[in-house]
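Inspection log for the structure reproduced underneath, given as structure tokens.
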Amino acid sequence: MSKPIEQQRFMCAIGAMQTVVAIPRAVPILHSGPGCGTMVSGFFGKAKGYAGGNTAPCTNFTEREVVFGGESKLEELIRNTYRVLDTDLQVVLTGCTSAIVGDDVERVVKTFAEEGKPIVTLETPGFKCSNFEAHDLVVNAVIDQYVDRCARAAEKDSRLVNLFAAIPCQDPFWKGNLEELKRVLEGIGLRVNVLFGPYSRGVEEWKTIPAAGFSIVVSPWYGLKIARRLEEKYGQPCYNFPYLPIGGNETTRFLRGVEHFAAAQGTKLPEARVNAFIAREELAFYEELDGLAAFLLEFRYGLPEFVHVLHDASYVIGIAKFLLHETGIVPKEQFVTDNTPEEYHDRIRAEMKKISDKKDIPVFFEPDGGLAQQRIRDADHEGRGLILGCGWDKRLARDKGYDFLSISHPSPYRLALTTCYAGYKGGLRLIEDIYNTVLATYE
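Sequential numbering from -17 applies to the sequence shown in the working numbering.
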């Protein structure tokens, strides 16, 4: 039986409307109560897109629809949306009330699809799953109901890859992270379907999904169901890098892994180009770290010595690896707050054990932010601490006398536009943000 939790850092399934909003010129249509879009908008803040948040078309399910059904109202809304909005794709998402009533949404949507309209649907009642899991469901629905129907016939392009690496808006830095990952992958000779955000070509790019040689999933769990579907449908194997690559060590490891995986699929990337790109990026990255050394020596008694991270699994692993090996900040208790399905827990624990052969880093799967905070309150570590979490953790950091950096939703204390923490550039940005936060405490 489920139980209430405090300080939830993810949303219900309908929060995956942000996955739709992140596709250029795509619009979510909510067959739900009027509060669903407003709730999503309030949680994510700057997340409107083409027509998202509380501006998304909605049937505004009321008591009348509960009694008599809302199929006719949904049909009218879809027709009016086509009249008012110039869209390339519409995705109908259902809320709790319509799912409970049992409206035949698929029948309604099918009539428009048969007219040649670019429209898909799936059930996203809040009680079904989290928006992390619903992200995969939305992407698979678009692939099954739209890409299959509209994709252009084309031969496989062995150097084209489908990238799945960030959940739009749930990851505050999703745009910057996708841009950086696209940049480094193109740097070694690949072409990348990034699919979401301003560096995507919108639905035209989605139509090229079947032509890709393979998929890349940067995550320990979310995105894997998408990759499995693509392998089943189009025979595309998947390279899975199980955490966000941050900084010099892990980004190089990521690129070398992609290079070797591509070779195993019969696609040999130009060795000279790969080596030259990685060497140039590492040179630029470690030049900055060399310059940082004098600063770290000067302030060695006034800098964070250990860190607690409260985030999704990909960030927890990636940040712990980066901070320990490239800044010397020791990860203490780490908290995975994304409600990771239990089947993936052992895999994540195994990745955490690989971080250090000298130190065991405790990791807790704790979707209840209040309980995670209590563990940190009860912990007793010597030295100056650092908390990387969401807005709810700011007071905790103040109470403990720790430094604090907001890196996850929800947070009213941070505005992220194109910031990235992935890749070579992201590692440098994370160092800047951490130490700028620390320096701001001095007078």
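Cβ coordinates follow ideal geometry from the N, Cα and C atoms, glycine included.
What you are looking at is a predicted structure, and each value in this text was computed from that prediction instead of being measured.
Note to self: Which same chain residues end up closer than 8 Å to residue 217 when comparing Cβ atoms and leaving out the 5 residues on each side of it in sequence?
What the structure shows: For this step, residue 217 is matched to residue 235 along the sequence shown. Answer for residue 217: no residue qualifies.
Next item on the list: May I ask you to list the residues that DSSP assigns as paired with residue 316?
Entry: As a working note, residue 316 is residue 334 in the sequence shown. Beta-bridge pairing links residue 316 to 345.
Item checked: Sequence ranges, alpha helix (DSSP H) only - wholly within the segment 173 to 213, length at least 4 -> Given a length threshold of 4 residues, each whole run of the alpha helix (DSSP H) inside the segment 173 to 213 is given here in chain order: 185 to 188.
Item checked: Beta carbon of residue 318 nearer than 8 Å to that of residue 347 -> The residue labelled residue 318 in the question sits at position 336 within the sequence shown. The residue labelled residue 347 in the question sits at position 365 within the sequence shown. Against a cut-off of 8 Å, the Cβ pair of residue 347 and residue 318 comes out as a contact.
Next item on the list: Report the rounded CA-to-CA distance for residue 7 versus residue 164, giving the unit in angstroms.
Entry: Sequence index remark: in the sequence shown, residue 7 carries index 25 (1-based). Sequence index remark: in the sequence shown, residue 164 carries index 182 (1-based). Using only the alpha carbons, I get a separation of about 21 Å.
Checklist line | Cβ-based burial, residue -9 [other Cβ within 10 Å; buried from 16] | finding: In the sequence shown, residue -9 corresponds to position 9, counting from 1. Classified as buried, residue -9 has 16 or more neighbouring CB atoms from the shown chains inside 10 Å of its CB.
Note to self: Nearer than 7 Å: is that true of the beta carbon of residue 132 relative to any heavy atom of the ligand ADP?
What the structure shows: No copy of the ligand ADP appears in this structure; indeed no ligand is present at all.
Check: Ends of the alpha helix (DSSP H) at residue 263?
Finding: On the sequence shown, residue 263 is found 281 positions in, with the first residue counted as 1. Note, residue 263: alpha helix (DSSP H), 253 to 280.
Check: Around the C-beta of residue 82, are 16 or more other C-beta atoms found within 10 angstroms, so that it is buried, or is it exposed?
Finding: The sequence position of residue 82 within the sequence shown is 100, counting from 1. Classification for residue 82: exposed.
Next item on the list: With DSSP collapsed to three states, give me the class of residue 379.
Entry: Position 397 of the sequence shown, counting from 1, holds the residue named residue 379. Three-state DSSP puts residue 379 in a helix.
Next item on the list: Tell me whether residue 72 is buried or exposed, calling it buried when 16 or more other Cβ atoms sit within 10 Å of its Cβ.
Entry: Numbered from its first residue, the sequence shown carries residue 72 at position 90. Residue 72 should be labelled buried.
Next item on the list: Identify every residue that forms a DSSP beta bridge with residue 23.
Entry: The residue you call residue 23 lines up with position 41 of the sequence shown. Residue 23 pairs with nothing; no bridge assigned.
Note to self: Beta-carbon within less than 7 Å of residue 305's beta-carbon, same chain only, minus the 5 sequence neighbours each way: which residues are those?
What the structure shows: Locating residue 305 in the sequence shown gives position 323, counting from the first residue. If we look at residue 305 and ignore the five residues flanking it on each side, its Cβ neighbours are 289, 311, 313.
Item checked: Span of the beta strand (DSSP E) around residue 431 -> Given a span of -17 to 425 for the chain in the structure shown, any question on residue 431 remains unanswerable.
Notebook entry, point to check: What does a CB cutoff of less than 6 Å around residue 393 pick up in its chain, not counting 5 residues either side in sequence?
Noted result: Residue numbering aside, residue 393 sits at position 411 when the sequence shown is read from its first letter. Result list for residue 393: 372, 373, in chain order.
Note to self: Can you tell me whether residue 80 is helix, strand or coil according to DSSP?
What the structure shows: For the purposes of this step, residue 80 is taken as residue 98 along the sequence shown, with counting starting at 1. Here residue 80 sits in helix by DSSP.
Next item on the list: Rank 37, 244, 116 by C-alpha distance to the C-alpha of residue 143 and give the top, closest one.
Entry: Mapped onto the sequence shown, residue 143 falls at position 161. For residue 143, the nearest C-alpha among the options comes from 244.
Item checked: Proximal residues to residue 350 (C-beta, below 6 Å), its chain only, five neighbours per side dropped -> Stepping through the sequence shown from its first residue, residue 350 is reached at position 368. Excluding sequence neighbours, residue 350 sits near -13, -12.
Check: So, using beta-carbon positions, are residue -2 and residue 122 closer together than 8 Å?
Finding: In the sequence shown, residue -2 corresponds to position 16, counting from 1. In the sequence shown, residue 122 corresponds to position 140, counting from 1. Going by C-beta atoms, residue -2 is not nearer than 8 Å to residue 122.
Item checked: residue -17 to residue 104 span [Cα, whole Å] -> Here residue -17 is taken as the residue at index 1 of the sequence shown, counted from 1. Here residue 104 is taken as the residue at index 122 of the sequence shown, counted from 1. Residue placement at residue -17 is poorly supported in this model, since its pLDDT is 41, which falls under 50; the coordinates still yield a value, given next. Each residue's alpha carbon lies about 25 Å from the other.
Next item on the list: Consult DSSP for residue 132 and reduce its assignment to one of helix, strand or coil.
Entry: As a working mapping, residue 132 is identified with position 150 in the sequence shown. Residue 132: helix per DSSP, three-state reduction.
Check: residue -17 by DSSP, collapsed to three states: which one?
Finding: The count along the sequence shown starts at 1 and reaches residue -17 at position 1. Residue placement at residue -17 is poorly supported in this model, since its pLDDT is 41, which falls under 50; the coordinates still yield a value, given next. Residue -17 falls in the coil class under three-state DSSP.
Check: Sorted by chain position, which residues of the same chain lie with C-beta nearer than 6 Å to residue 90's C-beta, five sequence neighbours on each side aside?
Finding: Position 108 of the sequence shown, counting from 1, holds the residue named residue 90. Excluding sequence neighbours, residue 90 sits near 53, 56, 57.
Checklist line | Given residue 300 as reference, the closest of 384, 331, 340, 284 once Cα atoms are compared | finding: Residue numbering aside, residue 300 sits at position 318 when the sequence shown is read from its first letter. Checked all of 384, 331, 340, 284; the closest Cα to residue 300 is 331.
Next item on the list: Tell me whether the beta-carbon of residue 77 lies closer than 8 Å to the beta-carbon of residue 117.
Entry: Indexing the sequence shown from 1 puts residue 77 at position 95. Indexing the sequence shown from 1 puts residue 117 at position 135. Their beta carbons are not under 8 Å apart, which means residue 77 does not touch residue 117 by this criterion.
Margin query: Using the Cβ count rule (16 or more neighbours within 10 Å means buried), how would you classify residue 127?
Written below: Within the sequence shown, numbered from 1, the residue matching residue 127 stands at position 145. Buried, because 16 or more other Cβ atoms sit within 10 Å of the Cβ of residue 127.
Next item on the list: Quick one: residues in its chain with C-beta nearer than 6 Å to the C-beta of residue 129, no 5 flanking neighbours on either side, listed in chain order?
Entry: Position 147 of the sequence shown, counted from the start, is the residue given in the question as residue 129. Sequence-distant partners of residue 129 (beyond 5 residues in either direction) whose C-beta falls short of 6 Å from its own C-beta, in its chain, are 188, 191.
Check: First and last residue of the alpha helix (DSSP H) that includes residue 1?
Finding: The residue you call residue 1 lines up with position 19 of the sequence shown. Residues -1 to 3.
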